[in-house]
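Worksheet: the structure to be examined is printed underneath.
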Amino acid sequence: NVTPRICRHECREARCFQHPNAMCVADPCDNCRVHFFNEDGDEVSCRAKCSQSIETGNCRSALPHYAYNASARQCQVFMYGGCGGNDNNFSTMEECQQECETSAPLCSMPYDSG
């Protein structure tokens, strides 16, 4: 049994840096959890694109696209359906690698625990 809450200020401070034009909606049936939607009414993810899951999308095409696999820490090919999905979707391996595989240089000093 869900008791809706009155959501008043949840969207005031909420930001979606991945989609700056997205509209914020606080869900009164989900403890006023904040969601963001694009101009088409589709929910968008505000997580950094490289940490999003790999989604094939809703359509039935089989287009080779590339996405970052955070567990494997590398970009990989996947078959994109042609529509939908999320921001972890790149047309080329190079684009994916440039966006997601670049990391800060590691310290070259030996580890010292004490």
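In the UniProt record's numbering, the protein residues as written are 1 to 114. No residue lacks a Cβ here, since even glycine has one placed at the ideal position from N, Cα and C. On a predicted model such as this, the values are computed, not experimentally measured, just so you know.
Near residue i, what residues of its chain come up, given a Cβ to Cβ distance below 7 Å and the 5 sequence neighbours on each side ignored?
i: residue 115; result: Nothing about residue 115 can be reported from this structure: the residues present for the chain run from 1 to 114 only.
i: H65; result: F78, Y80, N89, F90 and S91
i: D87; result: Q18, S45, K49 and Q52
Whole angstroms is fine: what's the gap from residue i's alpha carbon to residue j's?
i: F90; j: C96; result: 6 Å
i: E99; j: Q18; result: 13 Å
i: I6; j: F36; result: 18 Å
i: A70; j: T102; result: 13 Å
i: H9; j: A72; result: 39 Å
Using only CA atoms, which one of the options lies nearest to residue i?
i: R33; options: E13, E99, Q18 and A48; result: E13
i: L63; options: G41, C83 and F17; result: C83
i: R47; options: C11, P20 and P4; result: P20
i: D42; options: N31, D30 and A22; result: A22
Which residues in the same chain have their Cβ closer than 6 Å to the Cβ of residue i, if we skip the five residues on either side of it in sequence?
i: G85; result: E55 and G57
i: P28; result: P4, R5 and C7
For the putative contact between residue i and residue j, defined by C-beta atoms under 8 Å, what is the C-beta separation to the nearest angstrom?
i: A67; j: Q74; result: Actually they are not in contact, since the Cβ atoms of A67 and Q74 sit about 10 Å apart, beyond 8 Å.
i: A26; j: C16; result: Not really, about 13 Å apart at Cβ, beyond 8 Å.
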